[in-house]
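Engineer:
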Amino acid sequence: MSGVLAISIATEATEQAVAAAMSVMLPAFPPEYGEAWSAQQLSSMMHLPGAQLVIGRLNEQPVGFALLRSIAGEAELLLLAVHPVHRGHGFGKRLLDRCMAEAEGGGAQAMFLEVRRGNPALQLYNKAGFIQYNVRRDYYTGSNGQRTDALSLKIILRQD
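Note that this note's numbering has the sequence shown beginning at 981, numbered continuously upward.
1) Tell me, please, whether the segment 1074-1086 touches the segment 1007-1024 by the rule of three or more beta-carbon pairs shorter than 8 Å.
2) Quick one: what's got a C-beta closer than 8 Å to Glu-1094's C-beta in the same chain, skipping five residues either side?
3) Which of the three DSSP states is assigned to Pro-1042 in this structure?
4) With Ala-1046 and Val-1034 assumed to form a contact (beta carbons below 8 Å), what rounded beta-carbon distance in angstroms separates them?
5) Would you grab the beta carbon distance between Glu-1082 and Ile-989 for me? Rounded to a whole angstrom, and I think it's under 8 Å.
6) With DSSP as the reference, label Val-1115 as helix, strand or coil.
7) Could you have a look at Gly-1036 and say whether DSSP puts it in helix, strand or coil?
8) Can you list the alpha helix (DSSP H) stretches of 4 or more residues lying completely in the segment 1029-1105, in chain order?
9) Just to confirm before moving on: does the CB-CB distance between Arg-1049 and Ala-1031 stay below 9 Å?
10) Glu-992: which of Leu-1028, His-1063 and Leu-1058 sits nearest, CA to CA?
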């Protein structure tokens, strides 16, 4: 894997930013879990105050993205994805680190996220220091009707 991951941040739902995220979204989220968002859902979220779309590019090609929303001293990581062919190279960690820095720099004291039980990204979040504080039973419904729990995680970014 050659090249340096370049990270940019979009605060508006431009066609280019949404297209970059969608080029990763569709292959990154297995359809059987029902976690991927549509371009319309992503664009709608980008119109809310405090939304940021963090895009990681390798040689100008999108390889990962994260959707973050910060408001009233808290941040929520709504999505984080790395294209399957680019996993295992630390890009997810770089995107998460950037989101945490952006949130903290914007005044957030804590960051929250929800993740499907059994999602391999749990390892990334645990290593970063996120702790589980809740379970939403049967939150996700997969394409086959299978229900899966969502784990609610948080990390304290700073204490004032």
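For glycine and all other residues, C-beta sits at the position ideal for the given N, C-alpha and C.
Structural biologist: Quick answer:
1) no
2) Position 114 of the sequence shown holds residue 1094. Answer for Glu-1094: Arg-1116, Tyr-1119, Ala-1130, Leu-1131, Ser-1132 and Leu-1133, listed in chain order.
3) Start at 1 with the first residue of the sequence shown, and residue 1042 comes out as number 62. If DSSP states are grouped into helix, strand and coil, Pro-1042 belongs with the strands.
4) What you label residue 1046 is simply residue 66 of the sequence shown in a count that begins at 1. What you label residue 1034 is simply residue 54 of the sequence shown in a count that begins at 1. That pair is a contact at about 4 Å.
5) Locating residue 1082 in the sequence shown gives position 102, counting from the first residue. Locating residue 989 in the sequence shown gives position 9, counting from the first residue. 7 Å between Cβ atoms; contact.
6) Position 135 of the sequence shown, counting from 1, holds the residue named residue 1115. Here Val-1115 sits in strand by DSSP.
7) Sequence index remark: in the sequence shown, residue 1036 carries index 56 (1-based). It is a strand residue.
8) 1071-1085
9) Within the sequence shown, numbered from 1, the residue matching residue 1049 stands at position 69. Within the sequence shown, numbered from 1, the residue matching residue 1031 stands at position 51. In contact: Arg-1049 and Ala-1031 (Cβ atoms closer than 9 Å).
10) As a working note, residue 992 is residue 12 in the sequence shown. Among Leu-1028, His-1063 and Leu-1058, the Cα nearest to that of Glu-992 is on Leu-1028.
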